[in-house]
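These notes are about the structure you will find just below.
Numbering (full-length UniProt numbering), first residue to last: 1 to 54.
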């Protein structure tokens with residue numbers, strides 16, 4: 001359960017950094033959005049594993 005909280009915090013931090021880096025560095029912002037998406041996918045997979053779907 002702790003790793004899900006860790007992923008949630010990382011997702012929020014990546015989205016926050018991507019949003020505020022947008023005007024200055026578009027490539028960095030897009031990379032951070034991709035990282036947040038991958039972490040969100042891992043979050044969903046981890047949640048479903050805890051529920052017993054996988």
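We put the beta carbon where it would ideally sit given N, CA and C, even for glycine.
Any 3 or more C-beta pairs closer than 8 Å across the segment 6-17 and the segment 35-50:
A contact between stretches requires three or more CB pairs, one per stretch, nearer than 8 Å, and the segment 6-17 meets this requirement with the segment 35-50.
Environment of residue 57 [buried if 16+ CB atoms lie within 10 Å]:
Residue 57 is absent from the structure shown; the chain starts at 1 and stops at 54.
For residue 2, the first and last residue of its enclosing alpha helix (DSSP H):
Note, residue 2: alpha helix (DSSP H), 2-21.
Contacts around residue 40, its chain only, beta-carbon distance under 7 Å, and the 5 residues preceding and following it disregarded
Close CB contacts of residue 40 within its chain, under the 7 Å cut and outside five residues either way in sequence, are with 11 (chain order).
Along the chain, where does the alpha helix (DSSP H) containing residue 30 start, and where does it finish?
Run containing residue 30: 26-51, per the alpha helix (DSSP H) assignment.
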